[in-house]
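The block underneath contains the structure these notes are about, expressed in structure tokens.
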Amino acid sequence: MRSTVYQRDNVAAWDVARPERASRVAGVTMAGFGVRSLTALRMVPHPALTMILEFGAGQPIVDDAAGGQQRGSLVAGLGFGFGGAVLARGENVVCVQVRLSPLIARAVLGASPADLQGAVVSVDDLWGREASRIRERLGEVSSWEERFALTDALLARRNEAASAVDAEVAWAWRRILTGRGLVRVDSLAAEVGWSRKRLWSRFRSQLGMQPKLAAKLVRFDHAVHRLVAGEGAARVAADGGYADQSHLHRDVVAFTGVTPTTVAGEPWLTVDDTAWPATKHPPKARHERLGDR
Numbered sequence: 001m002r003s004t005v006y007q008r009d010n011v012a013a014w015d016v017a018r019p020e021r022a023s024r025v026a027g028v029t030m031a032g033f034g035v036r037s038l039t040a041l042r043m044v045p046h047p048a049l050t051m052i053l054e055f056g057a058g059q060p061i062v063d064d065a066a067g068g069q070q071r072g073s074l075v076a077g078l079g080f081g082f083g084g085a086v087l088a089r090g091e092n093v094v095c096v097q098v099r100l101s102p103l104i105a106r107a108v109l110g111a112s113p114a115d116l117q118g119a120v121v122s123v124d125d126l127w128g129r130e131a132s133r134i135r136e137r138l139g140e141v142s143s144w145e146e147r148f149a150l151t152d153a154l155l156a157r158r159n160e161a162a163s164a165v166d167a168e169v170a171w172a173w174r175r176i177l178t179g180r181g182l183v184r185v186d187s188l189a190a191e192v193g194w195s196r197k198r199l200w201s202r203f204r205s206q207l208g209m210q211p212k213l214a215a216k217l218v219r220f221d222h223a224v225h226r227l228v229a230g231e232g233a234a235r236v237a238a239d240g241g242y243a244d245q246s247h248l249h250r251d252v253v254a255f256t257g258v259t260p261t262t263v264a265g266e267p268w269l270t271v272d273d274t275a276w277p278a279t280k281h282p283p284k285a286r287h288e289r290l291g292d293r
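Below is the structure:
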């Protein structure tokens, strides 16, 4: 299925493609993008690693907060873009974008999520000649379904040599996801039968982020998608586990560098409803309010 998403200026069109079937690899979702002109797209933190496999006439360029720059196919770590100072640009960019669960990232990428937190690296640096081969093959086929199938086969093959995450760490991550970040993170260790120090250490070393920050990221992700859907900040704050609207405002600014009003129009988020329709974020009926624990 294909559709077109326009940026806020209604000038640069994004061609967006979605796979007809889910990936064979649990923890992988994909979308295809064709972008004629991309200027200063703010990258918004997301509770998954982001991999971009480009194969078009142009290359995506990512400028980070420290003045660094990355071109071409890349991988961005969990929560990459924190603070809103990471911008993407490019002309005539065509790519497959993969969202990768941190539970399978080490196996698929060959690098620990902990080494990628807050960073973006070249796929060439991670995969060597295999990165060039997949780029060539993606450019040789004529349909998005073939491109998705090629990408999925590659990820499935790499995932076969899985470097397993501890079952307790995986459970804690899934608990944070299913709870939409609204979990008492101090109780996670007790629930898996580990000490707090052990869980925090293993979680950080294997997934690249401490449980408390992971929960804040997941909660933020659900909140901003509700803002994008047009819900009011006061309602989102009340339903999203924030102490009040000011608390939501502070979190959004911390993660994105802009206010809730502005973030609702960010193209990186507004495209999600088209590119990743299976990951919509409907509000939950009830939950407890957590504040900043």
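Numbering (full-length UniProt numbering), first residue to last: 1 to 293. Yeah, the Cβ is synthetic: ideal placement off N, Cα and C, and Gly gets one too.
Contacts around residue i, its chain only, beta-carbon distance under 8 Å, and the 5 residues preceding and following it disregarded
i, result
"L138", "L53, F55, V96, R147, L150 and T151"
"residue 319", "Because the chain is modelled from 1 through 293, residue 319 falls outside the range shown and cannot be assessed."
"G193", "E168"
"R198", "A189"
"R204", "A114 and Q210"
Assigned exposure category for residue i - 16 Cβ within 10 Å defines buried
i, result
"S142", "exposed"
"A164", "exposed"
"G181", "buried"
"D221", "buried"
"G291", "The predicted position of G291 is uncertain, since its pLDDT is 38 and thus under 50; a value taken from the coordinates is nonetheless stated next. Result: exposed."
"R133", "exposed"
"A105", "buried"
"R135", "buried"
"S246", "exposed"
"G230", "exposed"
"V76", "Before going further, note that residue 76 is Ala rather than Val in the sequence given. By the 10 Å Cβ count, A76 comes out buried."
"D125", "exposed"
"D115", "exposed"
"R99", "buried"
"G241", "buried"
"T29", "buried"
"R184", "exposed"
"D244", "exposed"
"G58", "buried"
"G90", "buried"
"A170", "buried"
"A234", "exposed"
"A40", "exposed"
In DSSP terms, what residue i is bridged to
i, result
"S73", "None; S73 has no bridge partner."
"residue 296", "Outside the shown range of the chain, which is 1 to 293, sits residue 296, and nothing can be said about it."
"R42", "L87"
"D63", "Q69 and L87"
"V28", "L100"
"V94", "G34"
"V121", "V75"
Cβ neighbours of residue i in the same chain (closer than 7 Å, five flanking residues each side left out)
i, result
"R24", "D152 and A156"
"A65", "G83, A85 and V86"
"D166", "R202 and Q206"
"L154", "I134"
Anticipated Cβ contact below 8 Å, residue i with residue j, distance rounded
i, j, result
"M209", "L49", "Not a contact, Cβ separation roughly 11 Å."
"A172", "P211", "6 Å"
"L227", "P277", "Rounded, the Cβ-Cβ distance is 18 Å, inconsistent with contact."
"residue 294", "A31", "Residue 294 lies beyond the residue range present for the chain, which begins at 1 and ends at 293; the question has no answer from this structure."
"A88", "V62", "5 Å"
"V93", "P60", "5 Å"
"E20", "E145", "6 Å"
Residue i Cβ short of 7 Å to the ligand SAH heavy atom set
i, result
"Q70", "Although the ligand SAH was asked about, the structure shown includes no ligands whatsoever."
Proximal residues to residue i (C-beta, below 6 Å), its chain only, five neighbours per side dropped
i, result
"R158", "V108"
**Report entry** the region 251-270 contacting the region 212-225, beta-carbon criterion three pairs below 8 Å
**Finding:** The region 251-270, when compared against the region 212-225, does touch it at the 8 Å Cβ threshold.
Query raised in the report: Given 8 Å as the limit, is there contact between the region 109-119 and the region 30-44, that is, 3 or more CB pairs closer than that?
Result: As far as the Cβ criterion goes, the region 109-119 does not touch the region 30-44, which means the pair count is below three.
Query raised in the report: Does the region 121-133 touch the region 68-76, meaning 3 or more C-beta pairs lie closer than 8 Å?
Result: By the criterion of at least three beta-carbon pairs nearer than 8 Å, the region 68-76 is in contact with the region 121-133.
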